[in-house]
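Here the sequence shown is numbered in my numbering, starting from 31 and rising by one per residue. Glycine residues also receive a C-beta, built at the ideal position from the N, C-alpha and C atoms.
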Amino acid sequence: EEILQHLPSNKIYKEFKSDVSEVDNNFNCYKFDSEETKCKFNCSNLCKKVARNLKKVPEVDKLWNYNQRCLHYKYWVYEEIKKLLEENSAEGVVKDVITEFLNLQSSLRVDYRILNCTYNLDKKTLKELNDKKDEKYLYDYFTNYENIKSKDFCISVEKDKYKNYLNAIKVLYNKKKNECCENNILKCPNYFLNCENEFDPSNLLSKIESTGVGNCNELENFKETKTSEEKLESSDFKPDFLDQILFTNCHITNESRQLPCRFIRASAMTRRNQSEVGRSEQGNADSLSLENKKFESSIKSEALFQHKKIRKIVGFEDQEIKNILSLLKKGTDVDIRWKLGKDGTLHCPAEKPEKDASGLC
């Protein structure tokens with residue numbers, strides 16, 4: 031906790047832990063006040079915080095993207111549930127408490143329509159909660175690594191505390207790496223662990239002790255020894271090939287009847303920073319990059335061109351394209367729902383393909 035206070039993650043955890051005066055949602059926490067629930071008041075308070083915090087996860091944050099805020103939220107929940115229970119708590123009590131918080135999550139998902147930020151406790155045991163707590167410590171280490179490796183951070187927490195922290199992380203890091211990594215390949219699904227060696231806390235410990243003095247000044251010029259990787263850039267492929275691969279940002283809901291989509295050629299996409307992979311803002315889509323905005327004004331004609339090109343390859347007639355053109359001239363949204371089947375042919379999974387006036391089905 032003392033180390034965390036000096037890290038950027040502390041800001042969001044502090045926000046999550048703040049008191050709640052009222053809960054602005056349709057679900058309330060009265061179930062946690064019942065006689066059947068063992069933790070009563072503390073569980074009820076945590077319930078209110080969980081309800082408030084999940085609702086705030088999609089909010090725009092200058093420091094953290096949606097995926098990072100979600101992971102902070104989930105690991106915060108695991109740690110807080112663990113705090114409600116004693117190490118000698120009966121299995122039945124542990125299971126009941128965890129079950130109530132899983133039920134809470136199910137209600138909140140429906141209420142807030144936030145479906146892609148859920149905490150998971152399948153085993154409903156203390157061991158599982160302790161494992162999640164260890165994962166949280168590692169997540170905080172990886173997420174704040176740029177700060178942790180700095181000389182200034184080492185000085186701010188004092189050298190001995192810094193070394194103790196790294197030694198504790200080293201134990202967790204080596205354990206998790208042995209479980210989840212094989213030949214630098216990650217085997218554990220949906221886990222943030224990086225299997226390369228550049229984040230190994232042993233590197234920082236070795237640097238501090240490199241001169242025998244053992245002070246924070248040794249970190250001033252610290253450089254990670256990164257594992258070499260072959261970069262796959264757009265230049266490795268012919269532009270004509272990349273032009274036939276399209277990216278889209280369709281927003282699909284259960285009520286969708288039309289899917290007006292933007293299409294962007296793969297040749298125009300640049301390699302994204304790894305920390306940005308997996309971002310999917312729920313209800314608050316990120317603003318388009320400047321490069322993508324250039325496509326905005328001509329997006330319909332570009333989509334039509336690419337659609338025509340692909341359909342020609344698979345043998346569809348130009349008459350169907352003329353049907354689309356006539357619809358576009360009338361300002362009608364085109365319901366583009368076709369998919370490429372295993373046999374290489376296009377098919378349309380629309381609910382009523384026989385009524386597809388655009389000729390796509």
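Problem - Check whether L138 and V127 have beta carbons under 8 Å apart - result: The residue you call residue 138 lines up with position 108 of the sequence shown. The residue you call residue 127 lines up with position 97 of the sequence shown. No.
Practice task
Check each candidate in E121, P88, Y169 and name the one with the smallest Cα separation from E109.
Solution key: Here residue 109 corresponds to residue number 79 of the sequence shown, with the count starting at 1. Nearest of E121, P88, Y169 to E109, Cα basis: Y169.
Problem - Own chain residues within Cβ distance below 7 Å of F183, not counting five before or after - result: Counted from its first residue, the sequence shown places residue 183 at position 153. Correct list, in chain order: H36, N177.
Problem - Length of the line joining the Cα atoms of V140 and E116 - result: As a working mapping, residue 140 is identified with position 110 in the sequence shown. As a working mapping, residue 116 is identified with position 86 in the sequence shown. Cα to Cα, V140 sits roughly 31 Å from E116.
Problem - Own chain, CB closer than 6 Å to C59, minus 5 neighbours either side, in chain order - result: Residue mapping note: residue 59 aligns to position 29 of the sequence shown, counting from 1. Contacts found: S74, C77, K78.
Exercise for the section: Taking the CB atoms as reference points, tell me whether L223 and K206 lie closer together than 8 Å. Expected result: Sequence index remark: in the sequence shown, residue 223 carries index 193 (1-based). Sequence index remark: in the sequence shown, residue 206 carries index 176 (1-based). Yes, they are a contact pair.
Exercise for the section: Could you tell me whether the Cβ atoms of Y175 and F252 are closer together than 8 Å? Expected result: Here residue 175 is taken as the residue at index 145 of the sequence shown, counted from 1. Here residue 252 is taken as the residue at index 222 of the sequence shown, counted from 1. In this structure, F252 does not lie closer than 8 Å to Y175 by Cβ.
Exercise for the section: Return the CA-CA distance between G111 and F71, expressed in angstroms with no decimal places. Expected result: Residue 111 sits at position 81 when you count from the first residue of the sequence shown. Residue 71 sits at position 41 when you count from the first residue of the sequence shown. The amino acid occupying residue 111 in the given sequence is Ile; Gly does not appear at that position. Straight-line Cα distance between these residues: approximately 13 Å.
Practice task
Run the CB neighbour count on K217, radius 10 Å, all protein chains shown included, and call it buried at 16 or more, exposed below.
Solution key: Looking up residue 217 in the sequence shown gives position 187. It counts as exposed.
Practice task
Might you give, ordered along the chain, the residues of its own chain that have their beta carbon closer than 6 Å to the beta carbon of F62, omitting 5 neighbours on each side?
Solution key: Translated into the one-based positions of the sequence shown, residue 62 becomes position 32. By the criterion of a C-beta distance shorter than 6 Å, F62 is surrounded in its chain by C73, S74, C77, once the five residues flanking it on both sides are discounted.
Practice task
Measure the C-alpha to C-alpha separation of I185 and E239 and round it to an integer number of angstroms.
Solution key: As a first step, residue 185 must be located in the sequence shown, where it is residue number 155. As a first step, residue 239 must be located in the sequence shown, where it is residue number 209. In a straight line, the C-alpha of I185 is about 15 Å away from that of E239.
Practice task
Note down, in chain order, each residue of its chain lying with its Cβ closer than 6 Å to the Cβ of Y105, except the 5 sequence neighbours on either side.
Solution key: Counted from its first residue, the sequence shown places residue 105 at position 75. Here the set comprises K166, Y169.
Problem - Cβ neighbour criterion (16 or more within 10 Å) applied to L262 - result: Here residue 262 refers to the residue found at position 232 of the sequence shown. Note that L262 scores a pLDDT of 30, beneath 50, so its modelled location is shaky; the value from the coordinates is reported in the next line. In summary, L262 is exposed, with fewer than 16 beta-carbon neighbours lying within 10 Å of its beta-carbon over all protein chains present.
Exercise for the section: Could you tell me whether the Cβ atoms of I199 and Y171 are closer together than 8 Å? Expected result: If you number the sequence shown from 1, residue 199 lands on position 169. If you number the sequence shown from 1, residue 171 lands on position 141. Contact flag set, yes.
Problem - Bridge-paired residues (DSSP) for C211 - result: Translated into the one-based positions of the sequence shown, residue 211 becomes position 181. Partner(s): L216.
Practice task
Taking only runs that begin and end inside the region 176 to 212, name each unbroken alpha helix (DSSP H) of 4 or more residues, in chain order.
Solution key: 181 to 187, 189 to 210
Problem - DSSP three-state assignment for K153, whether helix, strand or coil - result: Walking along the sequence shown from the start, residue 153 turns up at place 123. Reduced to three states, the DSSP call for K153 is coil.
Exercise for the section: Could you tell me the distance, in whole angstroms, from the CA atom of L34 to the CA atom of N40? Expected result: Taking the sequence shown and counting its residues from 1, the one referred to as residue 34 is at position 4. Taking the sequence shown and counting its residues from 1, the one referred to as residue 40 is at position 10. Distance between the alpha carbons of L34 and N40: 6 Å.
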